[in-house]
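Comments concern the structure below.
Numbering (our numbering), first residue to last: -8 to 587.
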């Protein structure tokens, strides 16, 4: 129990820090307005007590000055209270915007810095789903509950001072009758969070289905295969399962909490009956009767509301714990932060083994190879041979399970990661189609240049994208991907040229091209690689391509089979060996001739 309370305290502390980081000034103003708002209730019921007493006196004296004066004071307090409520509402709504802005930036920043290996595990996608879908609203709920607690606590202090004038035991009774409902709500919160965790993968699946349905590229296949009905039934079946789970839990909760609140009401009326007896036998005023009855009701409401706030804080804190766990994840950092020498001479793989997890098979086994600066290389082999994995290791997206990758004798893990990546231009087989205009889609290749229009146009000319981009309605300012204002949808081949343009945004000393022309025709691919060959100059180019006619352009070809490096040499040398490479090349050549 002590450990749970300690952990809860740690989470509350982290939540307060998050709220203050989102907007310290706004948060303090919000707390201040809630304190003032909390004072209004005891002040108003006290004024109302004096108003009733003054009316009773005025009935016999026939003088109404005092009741009118007190009523005006009550009116003014009500106006101030109403103003404070609106000011409080303003600060709360602004805080929602600040929280949304802060968490959006925080989660994007954190996600972008996670190691790539983090995305290999299913459970981590569940965490990201929970963070993305729950964190903002839960933090807003916590803010609301915290302010509610502050407001009610201030009110409670004023009400307690009133009830102590009557009988301190009333305070204890009101506290005791609120405990059962609080415990029931606490158990309910734990059950709901457990249910939420159990269905997170199903929720992710529904979200993925929705995203598939609104993706323009998917519409053709979805219609041809008539998948709309299947997805509808699949999603509604999951929702039916959720509804059944919720019914079971909520039915019991409603019955338990109803019984508890019925007992609360009964005790409250007994306390009010006690007040009536005290007023009658102690000859108190009608104003006192009103004061104590209102005090009991407000005390009970405050206590119940504070208990609910605590339970809701606990409930929402469970979800924020996921955010805190996510934010505590380690990010990719270099050990020594050495500056990368872009005039390096040699890259070496020494006895490199790699697998994606401790229980997974090896993807690469005992890889030994050398890459010299300013030369071009290609990796070939059937699917699953490990070609793309070698590239991921070279890019320092993963670390070898054993062995080393060095640049001029220095392990690449010792270089400052961001500094290292700045020296590499890469086009991946599964490149991103960003929902921005052409300028941004190309300019993302080197954001440090601030999307310089001349650099972007020059990069487009080098990749061959300039020809079709210049014909678009808004040229380089045309929004890409369907669904956006004045946007256009490019063909896959055109998208590939846009992606290739990114590597021409900077004179990267290392170029990595992983199937960069898989979606362009053979002539365009050949022309593009000839351009790349001319542009290499003093740069190192690493190519992965299934079209072996293209890899003839490089200086050295590495052949992978069964996760091992089995051959290396030029196209001519490997053809003379008549082994794995020659077999793959001849199969492609025969297939090409058969299709003629």
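No residue lacks a Cβ here, since even glycine has one placed at the ideal position from N, Cα and C.
query                                                                                                                                                                                                 : result
Could you compute how far the alpha carbon of residue 158 sits from the alpha carbon of residue 314?                                                                                                  : 46 Å
Going by alpha carbons, who is nearest to residue 492 out of 477, 473, 422 and 59?                                                                                                                    : 422
With distance defined between alpha-carbon atoms, name the residue in 388, 335, 223 and 51 nearest to residue 603.                                                                                    : Residue coverage of the chain in this structure runs from -8 to 587, which leaves residue 603 outside it and unanswerable.
Compute the beta-carbon to beta-carbon distance between residue 455 and residue 515, rounded to the nearest angstrom, for a pair I have assumed lies under 8 Å.                                       : 7 Å
Just tell me which of 412, 501 and 283 has its CA closest to the CA of residue 337.                                                                                                                   : 501
Just checking my contact of residue 335 with residue 358 at CB under 8 Å: how many whole Å lie between their CB atoms?                                                                                : Going by Cβ atoms, the distance from residue 335 to residue 358 rounds to 19 Å, so no, they are not a contact pair.
Going by the DSSP bridge assignment, what does residue 504 pair with across the sheet?                                                                                                                : 418 and 534
How would you label residue 316, buried or exposed, when you count the other beta carbons within 10 angstroms and need 16 or more for buried?                                                         : exposed
Which word fits residue 398, buried or exposed, when buried means at least 16 other C-beta atoms lie within 10 angstroms of its C-beta?                                                               : buried
With a Cβ-Cβ cutoff of 8 Å, do residue 255 and residue 172 count as a contact?                                                                                                                        : yes
Using the rule of at least 16 other Cβ atoms within 10 Å of the residue's Cβ for burial, across every protein chain shown, is residue 599 buried or exposed?                                          : The structure shown has nothing for residue 599, since the chain only spans -8 to 587.
Distance, Cα to Cα, residue 11 vs residue 21?                                                                                                                                                         : 11 Å
Beta-carbon within less than 6 Å of residue 193's beta-carbon, same chain only, minus the 5 sequence neighbours each way: which residues are those?                                                   : 229
What is the residue span of the alpha helix (DSSP H) that residue 365 lies within?                                                                                                                    : It is not in any alpha helix (DSSP H) - residue 365 carries neither H nor E in the DSSP assignment.
Rank 74, 533 and 185 by C-alpha distance to the C-alpha of residue 506 and give the top, closest one.                                                                                                 : 533
Within its chain, find whatever has a CB closer than 6 Å to the CB of residue 169; leave out the 5 residues flanking it on each side and keep chain order.                                            : 294, 295 and 298
Classify residue 279 as buried or exposed, calling it buried when 16 or more other Cβ atoms lie within 10 Å of its own Cβ.                                                                            : buried
Tell me the DSSP bridge mates of residue 558?                                                                                                                                                         : 550
Among 552, 555, 566 and 557, which residue has its Cα nearest to the Cα of residue 542?                                                                                                               : 566
Are the beta-carbon atoms belonging to residue 131 and residue 162 less than 8 Å from one another?                                                                                                    : no
Can you list, in chain order, the residues of its chain with a C-beta nearer than 8 Å to that of residue 79? Leave out the 5 residues immediately preceding and following it.                         : 21, 24, 25, 28 and 138
Evaluate residue 216 with the Cβ neighbour count: other Cβ atoms within 10 Å of its Cβ, from every protein chain shown; 16 or more gives buried, anything less gives exposed.                         : exposed
Note down the Cα distance separating residue 198 from residue 290, rounded to an integer number of angstroms.                                                                                         : 44 Å
Touch check for the segment 42 to 54 and the segment 269 to 288: three-plus C-beta pairs under 8 Å?                                                                                                   : yes
What residues match up with residue 401 in a beta bridge as DSSP calls it?                                                                                                                            : 398
What number of angstroms, rounded off, separates the C-alpha of residue 561 from the C-alpha of residue 212?                                                                                          : 42 Å
Pull up the DSSP beta-bridge partners for residue 337, would you.                                                                                                                                     : 363
Just to confirm the assignment, what range does the alpha helix (DSSP H) spanning residue 374 have?                                                                                                   : Counting along the chain, residue 374 falls outside any alpha helix (DSSP H), and DSSP gives it neither H nor E.
Could you tell me which uninterrupted beta strand (DSSP E) segments, each at least 3 residues in length, are contained entirely in the segment 440 to 512, listed from first to last along the chain? : 501 to 505
Please state the DSSP three-state secondary structure of residue 216.                                                                                                                                 : coil
In this structure, does DSSP put residue 345 in helix, strand or coil?                                                                                                                                : strand
Might you give, ordered along the chain, the residues of its own chain that have their beta carbon closer than 6 Å to the beta carbon of residue 418, omitting 5 neighbours on each side?             : 490, 491, 494, 504 and 507
Does residue 351 come out as helix, strand or coil in the three-state DSSP assignment?                                                                                                                : coil
Please name the residue in 303, 126 and 206 whose C-alpha comes closest to that of residue 473.                                                                                                       : 206
Measuring straight from C-alpha to C-alpha, what distance separates residue 136 and residue 14?                                                                                                       : 17 Å
Going by DSSP, name the residue or residues bridged to residue 428.                                                                                                                                   : 470
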